[in-house]
């Protein structure tokens, strides 16, 4: 019974002093401990203080990294394994594509027509020089040659876009290249990530088969609530929860999703921070992006905040006692941001605020 009596007598004596000076409660460190008051030192709201939102690692939008089938077909063979380092132009995968076979046939026919038209133009030019045919006949032959050249170039451009080089075209003419073999190559040097596709699977037009990633070209994409996004600025440094890797915010899409009321943001990983465990980050990996405030201030834990009517208070402890301070706070993650009113390294009471309220109110007996 002695300990509760001491506890009550301590509260009675302290409440009398607190009512004389409502902004300060004289309370020694020993008394704070006896009342079960626990404090926490606060500091600046750094990039690790904020709300965590889901995000996904993506390839840079500035480089071509995706390997996409421009024609449908059947997967014939993989030439690389996932995680393999490749060089630009290296063969990654081969499809058998009937659509490509049709395009190759059209190009071969157009090439044959062009060769015939070239020969006809050369012959008629010679006949015109000898005065045997008219200029009108020569002009018609030249137009036919130009038309054949245009058709041949149109088909050839499509093949080049599919990755055909001069050797591939020569092999196609000579019959050394198997018709319909659609070979997809690495668009850049980097690390290969294969999609889950097996030999024999059907591949649709515009379907992605793989991606080639450079460590220096990784970005992060996240959908952020418009209220949170309003506090972010382009160029702001961000962090993710899983790795010690820094990012720079580079894009805020101004188009708001009708159902989600969110906007998409893009941040680029800083190359210098991609060391240690962070070097294992890969496209498609899901992480937690920490949205911190771009405004400097002090991070205040939610459990240190007391609300009373229209005012917000914190209790700041010291060796001499507890200061009661009214503050203006902004939501930040699972806590608050104090732009003023609280200094770094001050100790805020995070447990025992009920006892302090009791002292201020005279143990609840009225004033």
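In mature numbering (1 follows the signal peptide of the UniProt record, and there is no 0), the protein residues as written are -18 to -1, 1 to 349.
Here a beta-carbon is modelled for each residue, glycine too, at the ideal position from N, C-alpha and C.
Original post:
Counting pairs of beta carbons, one from the stretch 49 to 64 and one from the stretch 200 to 210, are three or more of them closer than 8 Å?
Top reply: no
Original post:
Hey, residue 37 and residue 203: beta-carbon distance below 8 Å or not?
Top reply: yes
Subject >> Segment contact flag, the stretch 92 to 104 with the stretch 188 to 202, C-beta cutoff 8 Å, min 3 pairs >> reply: no
Subject >> Burial state of residue 43, where buried means 16 or more other Cβ atoms lie within 10 Å >> reply: exposed
Original post:
Nearest-angstrom Cα distance between residue 11 and residue 306?
Top reply: 16 Å
**OP:** Express the C-alpha separation of residue 85 and residue 152 in angstroms, rounding to a whole number.
**Re:** 15 Å
Original post:
residue 103 by DSSP, collapsed to three states: which one?
Top reply: helix
Original post:
In angstroms, rounded to a whole number, what distance separates the CA positions of residue 164 and residue 225?
Top reply: 40 Å
Original post:
What's the C-alpha gap between residue 303 and residue 338?
Top reply: 11 Å
Subject >> Extent of the continuous beta strand (DSSP E) to which residue 207 belongs >> reply: 200 to 207
Original post:
To the nearest whole angstrom, what separates the beta carbons of residue 68 and residue 174, a pair I think is in contact under 8 Å?
Top reply: 6 Å
Original post:
In three-state terms, what does DSSP make of residue 336?
Top reply: helix
**OP:** Would you tell me roughly how many angstroms separate the C-alpha atoms of residue 134 and residue 158, rounded to the nearest one?
**Re:** 20 Å
Original post:
With DSSP run on the structure shown, which of helix, strand or coil describes residue 55?
Top reply: strand
Original post:
When we look at the beta-carbon of residue 26 and count the other beta-carbons within 10 Å, is it buried (16 or more) or exposed?
Top reply: exposed
Original post:
What residues match up with residue 221 in a beta bridge as DSSP calls it?
Top reply: 228, 272
Original post:
Excluding sequence positions up to five away, which residues of its chain have a Cβ less than 7 Å from the Cβ of residue 77?
Top reply: 51, 55, 56, 57, 58, 164, 185
**OP:** Would you give the residue range spanned by the alpha helix (DSSP H) that residue 11 belongs to?
**Re:** 11 to 16
Original post:
Between 294, 243, 300, which lies nearest to residue 13 when the distance is taken from Cα to Cα?
Top reply: 300
Subject >> Own chain, CB closer than 8 Å to residue 311, minus 5 neighbours either side, in chain order >> reply: 282, 287, 294, 318, 319, 320
Original post:
Taking just the CA atoms, how far does residue 150 sit from residue 167?
Top reply: 13 Å
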